Amino acid sequence: MDSIRYPSIQISFLNLPETKRQSIYYQPAGDSCFRMKGYSEKINPPWQPFHAQDINVPDFPATTLEHAPEDVERQIGLAREEYKQLRTQINRIKSRIQDADLQSLSKNVAPITSVNLKPVTTLKGHNNKVSSFRWSSDSRTILSASQDGFMLLWDAATGLKSNAIPLHSQWVLSCAICPNGNLVASAGLDNNCTIYRVSRKDRIQQNIVSIFKGHTCYISEIEFLDDNSILTASGDMTCALWDITKSKRINEFADHLGDVLSLSAAPTETEGNGNVFASGGSDGYLYIWDKRVPTSVQSFFVSDSDVSKVKFFRNGNTIATGSDDGCTNLYDLRSDCRIANYSLSRSIHGATPVQQQTYIMSNMDYTAPSGTLARASPYSPAIGTVSSSFIDNQGVISMDFSRSGRLLYVSYTEFGCAVWDLVKGEIIGKLDGHSDRISGVATSPDGLAICTGSWDMTMKVWSPAYM
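Numbering of the sequence shown is given in numbering that gives the first Met the number 0, commencing with residue 0 and proceeding in unit increments.
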């Protein structure tokens with residue numbers, strides 16, 4: 000035995016100064032082999048079995064093994080840097096042949112000057128911040144999950160609660176409702192995805208169908224693909240597809256080099272895209288997947304910061320990403336390039352003083368007593384200037400398209416929910432009304448309403464003023 004193999008590092012026993020006596024035992028089962036401190040080495044005949052004997056084995060320096068994990072991490076870091084450099088070169092080549100983007104092709108399109116949405120219903124019932132919520136496929140029901148330990152089902156029109164489901168774990172980060180509305184799911188910091196059956200008789204009941212265990216870190220987002228399968232994204236750098244009827248994992252998707260923070264399934268009504276979904280992670284990449292294969296089919300480098308949210312456009316050919324640097328990007332899967340960029344910082348700094356004042360005043364809290372100066376909200380900058388701390392905390396939390404696709408609703412960490420005109424690349428309004436951070440925004444499938452959830456423990460349903 001001249002050497003052994005240990006975590007991809009060859010350690011030689013020759014020419015080492017120190018030796019010590021160690022016992023090596025023969026294990027008379029299967030292939031002949033030596034056993035020493037957990038290592039094994041195959042021995043071919045005509046070696047004869049023996050029960051125990053002492054031989055001199057040179058000892059190798061312990062420092063070699065201690066630095067092995069660091070060496071692996073260094074190699075991973077070098078591989079990441081090389082990958083980024085190659086990706087940069089590819090993007091540079093693609094940019095040379097990209098002759099247009101969305102804004103340049105829409106110069107003659109008339110701008111939208113205002114947003115005519117108003118809050119029509121406020122949903123109150125949670126005793127802690129609203130972590131996640133989803134519309135049902137028929138736009139009649141809203142599912143919400145909170146860290147108070149409950150998921151609630153709401154009638155979107157009346158604002159009344161129809162069901163309350165006690166959670167298996169209160170540390171929930173995401174929830175989902177299946178297309179037929181019979182199953183709901185929750186997932187979060189317990190690393191598990193729990194499936195519940197919605198009871199039509201008992202309004203408060205925990206009817207657990209399955210608990211999917213397999214992720215080794217928190218689950219950041221979940222989404223039903225259909226009534227029998229669900230996708231999960233996790234901090235263990237993987238996504239997983241689970242079969243609910245068989246209660247097992249079907250496939251695992253592992254290309255990310257950081258936490259997977261968001262996923263989005265392509266619209267089911269889009270022909271040919273029923274098997275496609277997208278994911279974004281802390282490695283700054285957007286990956287496009289086909290659920291039938293374990294490797295990604297397309298990828299984009301988005302930003303050096305976390306990609307916190309991804310969302311498919313309703314045609315299934317375009318996808319939006321939101322990142323912690325406050326930028327939202329549109330990518331076209333057919334042309335394999337970015338077609339638009341929307342920066343909150345650039346929009347505010349590039350605005351006129353009157354527009355800046357409008358942005359600032361729209362974030363003010365005017366609940367101060369009469370006769371006193373209105374107090375600035377802690378989630379807004381001071382009057383008159385856009386503070387640096389405000390610009391530094393501009394990460395995208397959530398976003399969704401309008402039914403027409405002309406507008407994009409984006410919830411930011413400290414700015415609230417902005418309404419973007421995608422064609423002109425301008426902020427045309429905000430959805431104000433919550434007293435704390437807006438944790439999510441979602442458009443109803445029929446396009447007639449918008450829902451926002453907040454850390455103030457409430458949700459609001461918005462509809463056009465003419466309705």
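Even for Gly, the Cβ is constructed at its ideal location relative to N, Cα and C.
Every value quoted in this text rests on a predicted model; they were computed, and no experiment measured them.
Distance from the CA atom of Thr317 to the CA atom of Ser443, rounded to whole angstroms, is 19 Å. Annotation for Tyr82: the continuous alpha helix (DSSP H) segment containing it runs Ala67 to Ile96.
Using a Cβ-Cβ distance cut-off of 8 Å, the stretch 200 to 219 and the stretch 184 to 192 are in contact, since at least three pairs of beta carbons, one from each stretch, lie closer than that value.
Beta-bridge partners of Arg133 (DSSP): Leu142. Between Lys117 and Trp461, the C-beta gap is smaller than 9 Å, which places the two residues in contact. Each residue's CA atom was taken as its position, placing Ile221 and Phe211 some 12 Å apart.
Less than 9 Å divides the Cβ of Lys308 from the Cβ of Leu260. Per the coordinates, the alpha-carbon of Cys238 lies some 31 Å from the alpha-carbon of Ala155. Cβ atoms of Val275 and Trp288 come within 8 Å of each other, at about 7 Å.
Beta-bridge partners of Leu230 (DSSP): Glu222 and Leu240.
Distance between Ser438 and Ala175, taken at the CA atoms: about 15 Å. Distance between Lys459 and Val114, taken at the CA atoms: about 16 Å. Distance between Ser322 and Asp70, taken at the CA atoms: about 31 Å. The three-state secondary structure of Leu116, taken from DSSP, is strand. Counting only residues of its own chain and dropping the five nearest sequence neighbours on each side, Ser173 has a CB closer than 6 Å to the CB of Ser131, Ala186, Glu220 and Ile221. With a threshold of 16 other beta carbon atoms within 10 Å, Glu413 meets it and is buried. Per DSSP, the continuous beta strand (DSSP E) segment holding Val183 begins and ends at Leu182 to Gly187.
Around the beta-carbon of Arg333, fewer than 16 other beta-carbon atoms lie within 10 Å, marking it exposed. Its chain contains Ile194 and Arg196 as the residues whose beta carbon lies nearer than 6 Å to that of Val208, once the 5 sequence neighbours on both sides are disregarded; these appear in chain order. The beta carbon of Asn181 sits closer than 8 Å to the beta carbons of Arg196, Val197 and Asp226 from its chain, once the five residues preceding and following it are set aside; these are given in chain order. Remark: C-beta atoms of Thr457 and Lys106 do not approach each other more closely than 9 Å. The beta carbon of Ser403 lies closer than 8 Å to those of Gly446 in the same chain, with the five residues before and after it left out. Shown here, Ile347 sits in a helix according to DSSP, grouped into three states. Judged by beta-carbon spacing, Tyr341 lies within the 9 Å limit of Gly424, meaning their Cβ atoms are closer than that value. The C-beta distance from Phe223 to Arg313 rounds to 17 Å, too long to fall under 8 Å, and the pair is not in contact.
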